[in-house]
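Heads up, the thing below is written out as structure tokens.
There are 2 protein chains.
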Amino acid sequence: MKTVSNVINGYAHVAEGTKERVLAAVETVGYRPNLSARNLARGRSGVIALVVPRLEMPYFAGLAGQLIEQAEARGWFVLIHETGWDRMAERAAIEGQFPQRIDGLIVSAQQLERADLDQRTATTPLVLLGERSFGDAVHHVAIDNTAAARTAVEHLIERGCRRIAMVGASDAAADDPRRRGYLEALEAAGLELQPDLMLPIRANSGEEGERVVRELLESDVALPDGVFAVTDWVALGAMRALHLHGLRVPDDAAVVGFDDIPYARAVTPSLTTIAPDRAALAEVALRMLETQLNPAGGLAEPVHQTVPFELVVRESTTSFGPPQSRAH
Amino acid sequence: MKTVSNVINGYAHVAEGTKERVLAAVETVGYRPNLSARNLARGRSGVIALVVPRLEMPYFAGLAGQLIEQAEARGWFVLIHETGWDRMAERAAIEGQFPQRIDGLIVSAQQLERADLDQRTATTPLVLLGERSFGDAVHHVAIDNTAAARTAVEHLIERGCRRIAMVGASDAAADDPRRRGYLEALEAAGLELQPDLMLPIRANSGEEGERVVRELLESDVALPDGVFAVTDWVALGAMRALHLHGLRVPDDAAVVGFDDIPYARAVTPSLTTIAPDRAALAEVALRMLETQLNPAGGLAEPVHQTVPFELVVRESTTSFGPPQSRAH
DNA sequence: CTGAAAGCGCTTACAG
DNA sequence: CTGAAAGCGCTTACAG
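Here's what the structure looks like:
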């Protein structure tokens, strides 16, 4: 019994011959371990929860797909849980309030505050995703949002943009990494900051992106020639507003988004955007969970980790031949 | 033991007083059943698989969200599995080839053929989703695709369209329900069928939609004044091609899609489309699975069932004020 | 390096 | 209507 178990679980110290015989038997019998029994014996559930605002948002669906795939290799189920951008729902999630018990939590923090984490009583291993940072109280993985935003805005500047709006600048100046990247890029290029071009929004939705850009275009402020939007959805809204105002993208104003959702390449013009390395995101998150579950070796201090991103250049910042040139 | 179990599982025949005492104890102790143990004892895994081509596609993500939510209420986990539109992967899925054993299968059939079902040896309860039909060999739930397509095309006709292209007409004339709906609508309106306007595509992608519409526009065929696309993605590609050709949507050509993915309301112009009732889809699929698991009462004959859909009218078939009128 | 035995937390005939 | 006991299929000290 123990020997078979050792082989199945890949423990060392099994005689080579024995191991082969066991594997051969596994093969001929078609044995597959019963995960319910295993988890029961191990005192685990075999389930980790992925908490996102809404699975239908392609960014989160893509992330979920990655996570499911990589979790499978480690014998975990991924229970997907939606919060609908509700802070209370996110709080309940980090407290592990699920119908079943779970071994670990990966939470895309949208509304969560530092205080919510400080008040957390649950001890379930937790990994946070997303651009917000929460000090050293918790494991956290994300791309370097400041660098990514800087890259996006530098790209616009290289394209000749001089009046670059940021759609989705949060009010809280200090701790918004993307806003910081925007400012850094402007400063590095010697461009003056135009507060009128920093457009806060209430939610990262297309509607909000459209609304604030429309308001900008209808105001007295001189037109922007570039737009950096905090998500692709917001960028789509911004493009809509530009279009409705008779401005051509990218000729009159270039646009860069963030996330690289599938629509980014489907829209007209297709959208230049920042593509986070989702696979790396998923992998690091899972590793962080494992570290907390098996505090073997070193101590499992909460850590931040960043993963790569990429600027994907498409039509919204380059050319957009036939359509626009023909229309005008 | 048995009594507590009875209460927890909602079996009848427990004295009211006893029941209350049990529930009170559950409350004070904070008892939550261990699903691993339950499933082990019941000989189930508690897991059902949802098999889709790609979770990142919003239609499937939305469906998955619905299914997860409703499965939770029935004590099921949903294991999401991606096939990437690969027929072999779909075949493997219906054979239940998953790393863990599963209690039931909900499969969005994309490439699956009737023959694959006939050859199936696995006995895991199975429910098929999607527009393709497979005879009476298997449980199947979908909207009435013929009626939906007819509704979409009738809407275009009402809007004054007379030369309506169908993007995504399959080659196999007979058994494509959406094609049939298209034909029915034309016939009912006394419009002549234009074979040149039926555009087959290799995949339901934006690229393919764009390609075939571009080819149509660049051909000698007279321009269409309406487009019915088999999915929203395809419709987005079609709109792109129209736009690139200098045609205005909806003024020069109105467009209707299918699925009602989130982008449909985010694009410019926003897209008129057919919205299937995803919640109903999920619910019926789960009920069909339960029927197969508990063949109590009547026999569990494979059945087809349809769920409601809705035509969501947006700008791509109505007006699209400022933008286009201004540009021209 | 390997076997025998207990135990994980449920469900389910079986008595009563 | 309710209790005692076995069993689901694993893992894990514990011997050897």
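Just so you know, the sequences run in chain order A and B.
According to the working numbering, the stretch in the first sequence is residues 41 to 368, in order.
According to the working numbering, the stretch in the second sequence is residues 41 to 368, in order.
Note that CB positions come from ideal geometry on N, CA and C, so glycine has one too.
Since the structure is predicted, the reported quantities are computational estimates derived from the model, not experimental observations.
- Following the DSSP letters along the chain, one finds B:Thr312 in no alpha helix (DSSP H) but inside the beta strand (DSSP E) bounded by residues Thr312 to Pro316.
- DSSP, reduced to helix, strand and coil, places B:Leu145 within a strand of the structure shown.
- Between the C-alpha atoms of B:His195 and B:Glu130 there is a straight-line separation of about 35 Å.
- In the structure shown, A:Leu119 adopts extended strand secondary structure according to DSSP, grouped into three states.
- B:Glu350 sits in a strand when the DSSP states are folded into three classes.
- With a minimum length of 3 residues, the unbroken runs of beta strand (DSSP E) contained wholly in the stretch 220–286 of chain A fall at 266–269.
- Using a Cβ-Cβ cut-off of 8 Å, B:Pro264 is close to nothing in chain A; its nearest Cβ partner there is about 18 Å away.
- Those residues of the stretch 124–155 of chain A placed with their C-beta closer than 8 Å to a C-beta in chain B are Pro139, Gln140 and Arg141, ordered along the chain.
- Per the C-alpha coordinates, the member of A:Ala229, A:Thr271, A:Ser259 and A:Asp184 positioned closest to A:Ser210 is A:Thr271.
- Taken through DSSP and simplified to helix, strand or coil, A:Met206 comes out as strand.
- Between B:Leu329 and the set B:Val66, B:Phe117, B:Lys59 and B:Ile146, the nearest pair of CA atoms involves B:Ile146.
- For B:Leu103, the enclosing alpha helix (DSSP H) starts and ends at Pro98 to Ala113.
- Linking A:Leu119 to A:Trp125 through their CA atoms gives a straight-line distance of about 18 Å.
- With distances taken between CA atoms, A:Asp317 lies nearest to A:Asp300 out of A:Asp300, A:Arg327, A:Gly277 and A:Thr164.
- Here the C-alpha atom of B:Gly246 lies approximately 6 Å from the C-alpha atom of A:Ala306.
- One alpha carbon belongs to A:Gly230, the other to B:Val289, and they sit about 42 Å apart.
- In the DSSP assignment, A:Ile183 falls within the beta strand (DSSP E) that extends over His179 to Ile183.
- Taking B:Arg280 as the centre and dropping the five residues before and after it, the same chain places the C-beta of Glu250 closer than 6 Å to its C-beta, in chain order.
- Using a Cβ-Cβ cut-off of 7 Å, A:Glu122 is close to Gly105 of chain B, given in chain order.
- Distance between B:Val87 and B:Asp143, taken at the CA atoms: about 6 Å.
- Rounded to the nearest whole angstrom, the CA to CA distance from A:Glu112 to B:Ala132 is 16 Å.
- Distance from the CA atom of A:Asp176 to the CA atom of A:His344, rounded to whole angstroms, is 8 Å.
- Between the stretch 156–166 of chain B and the stretch 183–190 of chain B there are fewer than three C-beta pairs closer than 8 Å, too few to call the two in contact.
- Between A:Tyr222 and A:Gly286, the alpha-carbon positions lie close to 26 Å from each other.
- Look at the beta carbons and you see the stretch 234–243 of chain A touching the stretch 199–208 of chain A: at least three pairs across the two are nearer than 8 Å.
- DSSP, reduced to helix, strand and coil, places B:Ile197 within a helical segment of the structure shown.
- Here the alpha carbons of A:Leu95 and B:Gly105 stand approximately 6 Å from one another.
- The alpha-carbon of A:Leu263 is positioned some 56 Å away from that of A:Ser85.
- Residue burial is scored here from C-beta neighbours: A:Ala55 has fewer than 16 other C-beta atoms within 10 angstroms and is therefore classed as exposed.
- Against B:Leu276, the close residues of chain A are Tyr303, Ala306, Val307 and Thr308, in the order they occur along the chain (beta-carbon pairs closer than 9 Å).
- Membership of A:Leu168 in any alpha helix (DSSP H) is not indicated; the residue belongs instead to the beta strand (DSSP E) covering Leu166 to Leu169.
- For A:Phe349, no CB of chain B lies under 7 Å from its own CB, so it is not counted at the interface with that chain.
- Inter-residue distance for A:Ile48 and A:Leu107 is about 24 Å (C-alpha atoms, whole angstroms).
- Apart from the 5 residues on each side of it in sequence, B:Asn79 sits with its Cβ closer than 7 Å to the Cβ of Ser85 and Gly86 in its chain, given in chain order.
- Nearest to B:Arg127 by C-alpha distance, out of B:Ser148, B:Ala322, B:Ser359 and B:Tyr51, is B:Ser148.
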